[in-house]
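Asker:
Have a look at this one:
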């Protein structure tokens, strides 16, 4: 199974077009713990950090 990335195209205020991928929404070091928690409980870990990179 291959993960697909969502690519968002945005237009900046100066008219420049830019693309951003929808990846890395949590710190990579936190991902295994979060995935284990979701698999075990079916819900997001309450203490899991979110990273807004946009």
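In our numbering, the protein residues as written are 56 to 109.
Just so it is clear, CB atoms sit at the ideal spot from N, CA and C, and this is done for glycine as well.
(1) Measuring only the C-alpha atoms, how far is residue 71 from residue 61?
(2) Can you give me the Cβ contacts of residue 65 inside the same chain, cut-off strictly under 8 Å, excluding the 5 residues immediately before and after it?
(3) Just the C-alpha distance for residue 82 and residue 100, rounded to the nearest angstrom, thanks.
(4) Short of 6 Å in beta carbon distance, which residues of its chain neighbour residue 102, apart from the five on each side in sequence? Order them along the chain.
(5) Tell me the residue span of the beta strand (DSSP E) that contains residue 66.
Answerer: Reading from the atomic positions:
(1) If you number the chain shown from 1, residue 71 lands on position 16. If you number the chain shown from 1, residue 61 lands on position 6. The C-alpha of residue 71 lies about 20 Å from the C-alpha of residue 61.
(2) The sequence position of residue 65 within the chain shown is 10, counting from 1. Closer than 8 Å at the Cβ level, and outside the excluded window around residue 65, lie 72, 73, 74, 75.
(3) In the chain shown, counting from the first residue as 1, residue 82 sits at position 27. In the chain shown, counting from the first residue as 1, residue 100 sits at position 45. The alpha-carbon separation between residue 82 and residue 100 amounts to approximately 14 Å.
(4) Locating residue 102 in the chain shown gives position 47, counting from the first residue. Non-local C-beta neighbours of residue 102 in its own chain, meaning closer than 6 Å and more than five positions away in sequence, are absent.
(5) Counting from one through the chain shown, the residue named residue 66 turns up at place 11. Looking at the DSSP string, the run of the beta strand (DSSP E) that includes residue 66 is 62 to 66.
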